[in-house]
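Residue numbers (the numbering used here): 2 to 377. Here a beta-carbon is modelled for each residue, glycine too, at the ideal position from N, C-alpha and C.
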Ligand code: UD1
């Protein structure tokens with residue numbers, strides 16, 4: 002009997018969790034050929050940032066948890082590398098598969114390549130061309146080290162070619178995060194999150210904000226806050242808050258603007274209302290029913306495109322330009338006037354409706370595993 006191919010799949014932070022299910026499910030269809038191992042680095046560790054996604058998406062318990070936790074970029078990255086190296090030496094995998102652009106992605110791809118273990122990068126080739134974003138560094142380094150670069154769109158293929166990556170390593174497979182979205186959309190519609198927020202049948206804006214460039218700078222965060230206050234005079238703004246952002250709101254003394262909504266309350270007609278982060282199904286339901294979504298996240302730009310909900314991205318650039326050229330996304334930077342203008346436009350006239358990008362069809366995981374089976 003031929004030896005089984007052992008693949009270590011790495012997840013670490015929230016945006017990884019919704020990208021792994023379709024890949025794992027496909028791998029498990031080939032028990033005679035593949036032996037997948039799931040490693041969680043523990044970069045995100047709160048229940049609401051991690052465990053709830055495993056439950057909602059029925060991801061199996063990780064086989065190994067490195068429990069790295071928070072720290073500076075160097076601490077987090079180096080800590081993962083030290084622990085992951087030991088795992089590689091004992092597990093001796095044939096491939097390490099990493100996702101997206103978080104610190105765990107970088108740490109594990111560097112460690113694997115130094116031990117000559119081939120690396121597959123899912124969601125390769127995205128570029129914001131902004132090296133002040135830690136994610137951009139993570140993308141560039143991971144891509145240059147990877148042996149299999151699985152991409153979501155043609156512009157990612159172009160970026161990789163321009164950087165001199167061999168065509169033979171680039172595979173345009175579609176979007177694994179959208180595999181998960183399409184699979185869970187019906188279930189998400191049955192979530193009772195709108196009832197819990199007393200938002201049934203009522204219009205609202207949904208916002209997420211956590212980029213260091215937006216929330217760590219007092220000046221920029223205050224500017225965004227002024228824009229939100231204006232929009233929140235017209236319609237309630239629901240703000241599931243990332244732990245980093247929550248700390249900053251307290252540090253900047255902005256609790257009067259960002260009030261806390263607790264379940265059981267009736268949602269007022271105006272104001273910005275903080276909630277805990279939601280699980281996958283609740284959050285998908287909240288996007289699906291929002292009048293407009295304001296965000297600085299990467300993944301939400303793609304989810305709104307597929308759900309055809311207008312998205313206003315509070316950043317100067319995006320590594321996902323296809324969500325603008327084809328989807329529902331507009332980029333407004335952090336300028337108060339532009340945020341308000343686009344917000345009002347989306348509320349009054351309805352925003353862009355767009356179309357769904359090529360191969361964002363629910364089959365990316367299937368394509369990835371097929372390619373790995375043919376090549377490993
Ligand atoms: C990380 C990713 C970012 C992604 C985001 C989504 C990197 C470089 N960034 O940023 O691309 O968009 O996740 O959430 O990998 N914290 C907790 N509990 C947790 C996790 C974090 O309290 O479970 C707090 C800690 O104070 C921590 C801070 O949030 O220091 C930031 O966490 P970290 O993992 O460093 O980066 P994110 O900002 O979450």
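task = Check the DSSP bridge columns for residue 260 and list the partner residues they point to.
result = Reading the chain shown from its first residue, position 259 is the one you call residue 260. 274, per the DSSP bridge assignment.
message = List, from N- to C-terminal side, the alpha helix (DSSP H) runs of 4 residues or more that fit wholly inside the region 115-185.
response = Secondary structure remark: continuous alpha helix (DSSP H) runs of at least 4 residues inside the region 115-185, in chain order: 135-146, 155-163.
inquiry  = Using 8 Å as the threshold, is the C-beta distance between residue 63 and residue 41 below it?
reply    = Taking the first residue of the chain shown as 1, we reach residue 63 at position 62. Taking the first residue of the chain shown as 1, we reach residue 41 at position 40. In this structure, the beta-carbon distance from residue 63 to residue 41 falls below 8 Å.
inquiry  = Using 8 Å for Cβ pairs, my map puts residue 9 next to residue 97. What's the rounded Cβ distance?
reply    = By one-based count along the chain shown, residue 9 stands at place 8. By one-based count along the chain shown, residue 97 stands at place 96. Taking 8 Å as the upper bound for CB-CB distance, residue 9 and residue 97 are in contact here, some 5 Å apart.
query = In chain order, what residues of the same chain have a beta carbon less than 7 Å from the beta carbon of residue 146, not counting five sequence neighbours either side?
reply = One-based indexing of the chain shown puts residue 146 at position 145. Counting only Cβ-Cβ distances below 7 Å, and skipping sequence neighbours, we find 110, 111, 114, 120.
query = Do you know whose CA, among 240, 178, 230, 247, lies nearest residue 198's CA?
reply = As a first step, residue 198 must be located in the chain shown, where it is residue number 197. Looking at the Cα atoms, 240 is the closest of the given residues.
ask   = Would you say residue 336 and residue 310 are within 8 Å of each other, going by their C-beta atoms?
value = Here residue 336 refers to the residue found at position 335 of the chain shown. Here residue 310 refers to the residue found at position 309 of the chain shown. No, the pair does not count as a contact, with Cβ atoms beyond the cut-off.
query = Taking 7 Å as the cut-off, does the CB of residue 46 come closer than this to any heavy atom belonging to the ligand UD1?
reply = Within the chain shown, residue 46 is the residue found at index 45, counting from 1. For residue 46, the CB falls within less than 7 Å of some heavy atom of the ligand UD1.
task = Tell me whether residue 19 sits in a helix, a strand or coil according to DSSP, three-state version.
result = Residue mapping note: residue 19 aligns to position 18 of the chain shown, counting from 1. Reduced to three states, the DSSP call for residue 19 is coil.
message = Excluding the 5 residues flanking residue 137 on each side, which residues of the same chain have their C-beta closer than 6 Å to its C-beta?
response = The residue labelled residue 137 in the question sits at position 136 within the chain shown. Here the set comprises 129, 131.
message = Using 8 Å as the cut-off, can you tell me whether the region 153-170 makes contact with the region 343-356, which would need three or more C-beta pairs spanning the two stretches below that distance?
response = Output reads no: the region 343-356 does not touch the region 153-170.
key: Contained alpha helix (DSSP H) runs [length at least 4] in the region 273-361, N- to C-terminal order   = Under the rule that a run must span 4 or more residues, the alpha helix (DSSP H) segments found entirely inside the region 273-361 read 281-290, 300-308, 323-326, 337-349.
task = Note down, in chain order, each residue of its chain lying with its Cβ closer than 7 Å to the Cβ of residue 261, except the 5 sequence neighbours on either side.
result = The residue given as residue 261 occupies position 260 in the chain shown. Cβ neighbours of residue 261 beyond the five flanking positions: 275.
query = Do you know whose CA, among 140, 225, 332, lies nearest residue 124's CA?
reply = For the purposes of this step, residue 124 is taken as the residue at position 123 of the chain shown. Closest option to residue 124, Cα to Cα, is 140.
message = DSSP has residue 241 in a bridge; who is on the other side?
response = In the chain shown, counting from the first residue as 1, residue 241 sits at position 240. Paired residue(s): 276.
task = Could you tell me whether the region 204-214 touches the region 278-297, using the rule of 3 or more Cβ pairs below 8 Å?
result = By the criterion of at least three beta-carbon pairs nearer than 8 Å, the region 204-214 is in contact with the region 278-297.
inquiry  = Tell me which residues share the same chain as residue 412 and place their Cβ nearer than 6 Å to its Cβ, disregarding the 5 neighbours each side in the sequence.
reply    = Lying before the first or after the last residue shown, residue 412 is absent from the chain, which here runs from 2 to 377.
inquiry  = Given a cut-off of 8 Å on the beta-carbon distance, is the pair residue 307 and residue 116 in contact?
reply    = As a working mapping, residue 307 is identified with position 306 in the chain shown. As a working mapping, residue 116 is identified with position 115 in the chain shown. With contacts defined by Cβ atoms closer than 8 Å, residue 307 and residue 116 do not form a contacting pair.
task = Specify the secondary structure class of residue 10 as computed by DSSP and reduced to three states.
result = As a first step, residue 10 must be located in the chain shown, where it is residue number 9. If DSSP states are grouped into helix, strand and coil, residue 10 belongs with the strands.
query = For residue 250, which of 236, 14, 220, 279 has the nearest alpha-carbon?
reply = Walking along the chain shown from the start, residue 250 turns up at place 249. Per the Cα distances, 220.
query = Just the Cα atoms here: how many angstroms apart are residue 34 and residue 4?
reply = Taking the chain shown and counting its residues from 1, one reaches residue 34 at position 33. Taking the chain shown and counting its residues from 1, one reaches residue 4 at position 3. When the Cα atoms are used, residue 34 and residue 4 turn out to be separated by approximately 8 Å.
query = Got a sec: does the ligand UD1 put a non-hydrogen atom nearer than 7 Å to the Cβ of residue 243?
reply = Mapped onto the chain shown, residue 243 falls at position 242. At least one heavy atom of the ligand UD1 is nearer than 7 Å to the Cβ of residue 243, so yes.
task = Identify, in the order they occur along the chain, each residue of the same chain with its Cβ nearer than 6 Å to the Cβ of residue 176, setting aside the five sequence neighbours on each side.
result = Walking along the chain shown from the start, residue 176 turns up at place 175. Excluding sequence positions up to five before and after residue 176, its CB lies within less than 6 Å of the CB of 153, 361, 365, all in the same chain and listed in chain order.
task = Taking residue 122 and residue 85 to be in contact with their CB atoms under 8 Å, please state how far apart those CB atoms are, rounded to whole angstroms.
result = The residue you call residue 122 lines up with position 121 of the chain shown. The residue you call residue 85 lines up with position 84 of the chain shown. Not a contact, Cβ separation roughly 15 Å.
task = Going by DSSP, name the residue or residues bridged to residue 206.
result = Residue numbering aside, residue 206 sits at position 205 when the chain shown is read from its first letter. Beta-bridge pairing links residue 206 to 238, 293.
query = CA-CA distance, residue 38 and residue 202?
reply = Within the chain shown, the letter at position 37 stands for residue 38. Within the chain shown, the letter at position 201 stands for residue 202. So the alpha carbons of these two residues sit roughly 44 Å apart.
ask   = Straight-line CA distance for residue 67 to residue 81?
value = Stepping through the chain shown from its first residue, residue 67 is reached at position 66. Stepping through the chain shown from its first residue, residue 81 is reached at position 80. Inter-residue distance for residue 67 and residue 81 is about 7 Å (C-alpha atoms, whole angstroms).
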